[in-house]
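Engineer: As given, the protein sequences belong to chains L and S, one line each in that order. To convert, take the position in the first sequence, counting from 1, and add 1; that gives my numbering. To convert, take the position in the second sequence, counting from 1, and add 1032; that gives my numbering.
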Amino acid sequence: MTRDLETATDREHLRRVAIDPISRVEGHGKVTLLLDEAGQVHEARLHIVEFRGFEAFIEGRPYWEIPVMVQRLCGICPVSHHLAAAKALDYVVGAVPVTATADKMRRLMHYGQILQSHALHFFHLASPDLLFGFDAPATQRNIAGVIAAHPDIARQGVGLRRFGQSVIAATAGKRIHGTAAVPGGINRHLSATDRDALLAEAGTMVAWSQAAVQLVRRLHEADPALYDRFGCVPASLMSLVRADGAMELYDGQLRLRAADGTVLRDGVPSHTYMDFITEAVKPWSYMKFPYVTDMGPEAGWYKVGPLARVQNCDFIPTPLAELERRAFRDYTQGRIQHASLAYHWARMIEMLHAAEVIRDLLPDPDLTAGERMAGGPRAPAGVGVIEAPRGTLIHHYWVGEDDLVRWCNLIVSTTHNNEAMNRAVREVARRELDGRQLTEGLLNHIEVAIRAFDPCLSCATHALGKMPLEVRLLDAAGECIDTRVRDS
Amino acid sequence: MSRPEFLLDGVAVPFDEGQMILEAGRAAGRYIPHLCWHPDFPPHGSCKLCVVKVAGRHVSACATPARAGAEVESDTPEINAERRMLLQLLFVEGNHFCPACEKSGQCQLQAMAYDLEMTTPRFRHFYPDRPVDASHPEVLLDFNRCIYCELCVRASREQDGKSVFALTGRGIHKHLAVNAESGRLADTDFSADDKAAHICPVGVILKKRVGFAVPIGERTYDRAPLHTVAMPKSEDDA
């Protein structure tokens, strides 16, 4: 049981240890631990300390500005917000469906986003833990250490991310914060020059993605005692899937699968999310705790993201990624994998899928020519749901007859994983930290569990290696007896 | 008989009697920065971006007649620093959030900032509270970006014959207003075809529902900088 670690029964005589900020994740958050004199953990919480005001300051702005404005809440996955907003506003301008050109340009942009974000997370942020060990010296546990020790892996990681960014630039107009998706369609075609340049590299990217999947798979097979157990939190899984059960990251219907693999809900229209999901609030975090409404907050919480998507779909509609999905499934003889580190394996399978989709989509003539915009009768509201790199992303807008946004609701991917991440933190705290002398390496175990979810804590970027960490250990009397400082 | 000349940054510029420094320079292919000046209207002299130095004095090139033999300094570190400061004041006085502004790439204020290498706002932002006016079916007014050039005021009054816009308030409280009892654009005879609907150098007067229709790379100042775009395309244009 890890549930009891959410709130300590008697906080008065406990010492507080904070991991603030959590490093090598997107955005800013902290973990607080409350321990007794024997070092037993009584409370472990992941706090999101940033506050975004986007839902408020979008109100009163013209709807056509929203896909460009709202993507500014993230520097890593702006495309996801850009497209989710555009998809929602397609309903407002009556453009359902959008044209084939608009649909394919947006899909290409989206899969470029999946590719670059997954590459960034695995190679730049997470791989140092996996390649060197959670307790390795902090001076080595970073991308520079990976470059020094594994130059080929690092080169491919950087190359994959660059390619994904190039796909985004070719479709959105810029690598970060482009403007191509507009309510009703897309404002540009893919140029033949960009198409040919991307096609020339697409095969290599598929091969490098395959190698990345193999790397993670080997890590799992080499140390199942760690990989199958660490941060293991059984939970329901939620994601979009295509009508035929295929993995679908751009559009689809919601599916909820129980921790044991049983499909609990299927074919849930994404625009009915408000009937499906409720967001609970807790006083110690700015981030809400969503749950499936009719299951209640105790049983209705779930995971999203690669681990959910790879196990929620019936198949992946590209051959190489499908082979890897089957290998992933066979690794546990078909049982659902819940270990946090399995996120990395699933994430690399998705990266391979994205590389295959990009390679296969690029020659499509609808990308370089064809009608870009559609339209029809106006509607007062629209919901756009997309599978962002970190999970299901929901944008919902009401627009007045004067074209100004009246109300908006955003549920970002990391919010769905809030309960699961907190439980993973408690699981690791209880198993790894209880009664032990705290060290930087030991505290990193907590961060490794959080990192596996690839959270975007405030949807803001930070410069790698510039996040200082100070941990102060106070005794029961409140006296500081130990301090660890990790400089930028 | 040869035309009289003055020196603009050391280069001889011919002019016609009564012509202003900015106009004469422009006709001779010499750009002097400006925001409130427009070839269709008399000099306004309010933005001061066209400041030049003549005989030790800083004057507005749009409103100062050219004189034979005068030595005019324009593209110098001293004058450009003064222009940069004026730009910085304009930026902090309103709410200019270029990253999410649909006029980005087509905005003269932004293009001027690039031209003059303005890298920071420097001064404390005012963050004024200026609600938008979305009452008109075809045109949105986003007062956040107004720089008080009065081009819309002048165009509506002098070319459209309507006087839809006016500046009201004094000093720091000055602001653009719509000339209707309700203050709403929908309650005027403003039309999306008016000259005033197409003259705003920044992002105040916007045709609805087409923002971001022009992709990055194809916007006016993606193709050429302001000091090129602002120059006449033909002799008639000058």
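C-beta atoms are modelled at their ideal positions from N, C-alpha and C, and glycine is treated no differently. All values reported here derive from a predicted model rather than from experimental measurement.
1) Just the C-alpha distance for L/H48 and L/Y274, rounded to the nearest angstrom, thanks.
2) Counting only the same chain and skipping the five closest in sequence on each side, list residues whose C-beta sits under 7 Å from that of S/S1188.
3) With a cut-off of 7 Å, does the C-beta of S/E1182 fall near any C-beta of chain L?
4) Report all residues from its chain with a CB closer than 7 Å to the CB of S/F1155; omit the five preceding and five following residues, and keep chain order.
5) Using the C-alpha atoms, what's the distance from L/E428 back to L/N419?
6) When you compare only the Cα positions, how much space is there between L/G253 and L/A244?
7) Reducing DSSP to helix, strand and coil, say where L/H111 ends up.
8) Which bits of chain S does L/W65 rub up against, with CB to CB less than 9 Å?
9) Quick check: is the beta carbon of L/N410 nearer than 7 Å to any beta carbon in chain S?
10) Report the residue from L/G174, L/T415 and L/Y112 whose alpha carbon sits nearest the alpha carbon of S/G1137.
11) Does the beta carbon of L/D104 sit closer than 7 Å to a beta carbon anywhere in chain S?
12) What first and last residue would you give for the beta strand (DSSP E) that runs through L/M239?
13) What are the boundary residues of the alpha helix (DSSP H) that includes S/R1058?
14) Going by Cα to Cα distance, which pick from L/R379, L/P320, L/T369 and L/G204 is closest to L/I350?
15) Locate the beta strand (DSSP E) running through L/T393, then write down its first and last residues.
16) Count the other C-beta atoms from every protein chain shown that fall within 10 angstroms of the C-beta of S/T1096, then say buried if there are 16 or more, exposed otherwise.
17) Along chain S, which residues have their Cβ under 7 Å away from the Cβ of L/D403?
18) Using only alpha-carbon positions, find the residue among L/G165, L/G186, L/H190 and L/V214 that is nearest to L/L199.
19) Let me know if L/T180 comes out buried or exposed under the rule of 16 or more other beta-carbons within 10 Å of its beta-carbon.
20) Based on the DSSP secondary-structure assignment, which residues constitute the bridge partners of L/E1?
21) Are L/L6 and L/A39 closer than 7 Å when you measure CB to CB?
22) Inspect the CB distances between the segment 375-392 of chain L and the segment 91-103 of chain L and report whether three or more fall short of 8 Å.
23) Give the range of the alpha helix (DSSP H) segment to which L/S414 is assigned.
24) Using a Cβ-Cβ cut-off of less than 9 Å, give me the residues of the segment 164-180 of chain L that come near chain S, in sequence order.
25) Assuming contact is defined by CB atoms lying nearer than 7 Å, are L/V42 and L/R431 in contact in what I supplied?
26) Under 7 Å, Cβ to Cβ, is there at least one residue of chain S near L/R189?
27) How many whole angstroms separate the CB atoms of S/D1174 and S/G1235, which I take to be in contact at a CB cut-off of 8 Å?
28) Spell out the partners DSSP gives L/I278 in its beta bridges.
29) Given that a residue counts as buried once 16 or more other Cβ atoms are within 10 Å of its Cβ, and exposed if not, what is L/E13?
30) Give me the Cα-Cα distance between S/F1073 and S/R1186, rounded to the nearest whole angstrom.
31) How many Å lie between L/H463 and L/L131 at the Cα?
32) Consider the Cβ of S/I1204: report whether some Cβ of chain L lies at a distance smaller than 7 Å.
33) For a contact defined as C-beta to C-beta under 7 Å, what are the partners of L/V69 on chain S?
34) What span of residues does the beta strand (DSSP E) with L/Q254 cover, start to end?
35) Could you check what DSSP says for S/A1224 in three-state terms: helix, strand or coil?
36) Under 6 Å: does the beta carbon of S/A1087 sit that close to some heavy atom of the ligand MG?
Structural biologist: Looking at the coordinates:
1) L/H48 and L/Y274 have their alpha carbons spaced roughly 25 Å apart.
2) K1194, S1195, V1196, F1197, D1226 and A1228
3) no
4) Q1120, L1121 and V1124
5) Cα to Cα, the separation comes out at about 14 Å.
6) 7 Å
7) helix
8) Those within 9 Å of L/W65 in chain S are E1134, K1240, R1241, V1242, G1243, F1244 and A1245.
9) Closer than 7 Å: no.
10) L/G174
11) no
12) S237 to V242
13) I1053 to A1059
14) Nearest C-alpha to L/I350: L/P320.
15) G392 to V400
16) So S/T1096 counts as buried.
17) In chain order: A1166 and S1167.
18) L/G165
19) buried
20) Outside the displayed span of chain L (2 to 489) sits residue 1 of chain L, for which this structure offers no information.
21) no
22) By the C-beta criterion, the segment 375-392 of chain L is judged to be in contact with the segment 91-103 of chain L, since at least 3 inter-stretch pairs fall below 8 Å.
23) S414 to H417
24) Taking 9 Å as the cut-off between beta carbons, the residues of the segment 164-180 of chain L near chain S are A173, G174, K175, H178, G179 and T180, in sequence order.
25) yes
26) yes
27) 6 Å
28) Per DSSP, L/V293.
29) When all chains shown are included, L/E13 counts as exposed.
30) 8 Å
31) Residue placement at L/H463 cannot be trusted, given a pLDDT of 24 that sits under 50; what the coordinates show is reported in the next sentence. Each residue's Cα considered, the two are about 22 Å apart.
32) no
33) A1132 and F1244
34) Q254 to R258
35) coil
36) No copy of the ligand MG appears in this structure; indeed no ligand is present at all.
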